[in-house]
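Written out below as C-alpha cells is the structure these notes cover.
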Amino acid sequence: MELRTNTSQQTKDLGIKTAEKLKPGDVVAFYGDLGSGKTTFIQGVLEGLGIEQRVTSPTFVLIKMYVTPKRQTVFHVDLYRLESNQDIKSLGLVDILQDDNAITLIEWAEKVEDMLPQQVKRIELKKGVGDERIIDADVW
Ligand code: ADP
Ligand code: MG
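Written out as C-alpha cells, the structure is:
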C-alpha cells in the first residue's frame with residue numbers, strides 16, 4: 015500500500031504505527047535515495063518500540079543495537095558506506111539476519127539484497143514535490 019506524507023513528523027508517525035506490526039525475527043528492508051526519509055521513518059519505529067534514547071543513523075558504524083523496555087533487541091543497519099563483500103562479512107550481518115529474536119531495520123538494503131530472508135518486509139520511500147514523500151510498504 016502506498017501512503018503520502020508532507021512533513022517529517024508524519025513520516026515518523028507512520029514509523030510509530032508500523033512498530034505495532036513488527037515481531038521478533040522480522041527484517042525490514044528500506045529503499046530510497048538519500049534524504050527520502052528512511053532514517054526518519056526508522057526513528058519513528060524505534061520510538062514506537064519504546065526506545066527513548068536519541069536515534070542517529072549508524073552511517074559510520076553501520077550497525078547500532080537497541081534494547082526496548084520489553085527486552086526486545088533491535089538492530090538499525092545503514093549500509094550507505096558499505097563498500098565490499100569483505101565489509102559485509104566482518105559486520106556480522108549474516109548472524110543478525112538469522113537472529114529469530116531480533117527486529118532488524120536496514121537502510122540501503124539493496125546492497126545485501128541476496129542475503130535478505132525470504133520473509134523480508136519491504137518499505138520504499140520516494141521524494142515527491144517539496145516535502146512530500148511517497149511511502150510504499152507491504153507491512154501495513
Ligand atoms: P534518509 O535516511 O533516507 O537519507 P533522512 O530521514 O535522514 O533520509 O532525511 C530526510 C530529510 O528530509 C530530513 O532532513 C527531513 O527533515 C526531511 N523531510 C522533509 N519532509 C519529509 C517527509 N515528509 N518525510 C521525511 N523526511 C522529510
Ligand atoms: Mg539514512
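For the sequence shown, the working numbering begins at 15 and goes up steadily by one. Quick reminder that beta carbons are idealized off the backbone N, C-alpha and C, glycines included.
Near the ligand MG, meaning a Cβ closer than 6 angstroms to any of its heavy atoms, lie the following residues in chain order: 52, 53, 71, 92, 121. Shown here, residue 44 sits in a strand according to DSSP, grouped into three states.
Taking a C-beta distance under 9 angstroms as the contact criterion, residue 78 and residue 54 do not qualify as a contact pair. DSSP places residue 148 in the strand class (E or B) of the three-state scheme. In this structure, the CA atom of residue 114 is about 8 angstroms from the CA atom of residue 40. Rounded to whole angstroms, the separation of the alpha carbons of residue 58 and residue 28 is 7 angstroms. Bridge pairing for residue 79: 89 [DSSP].
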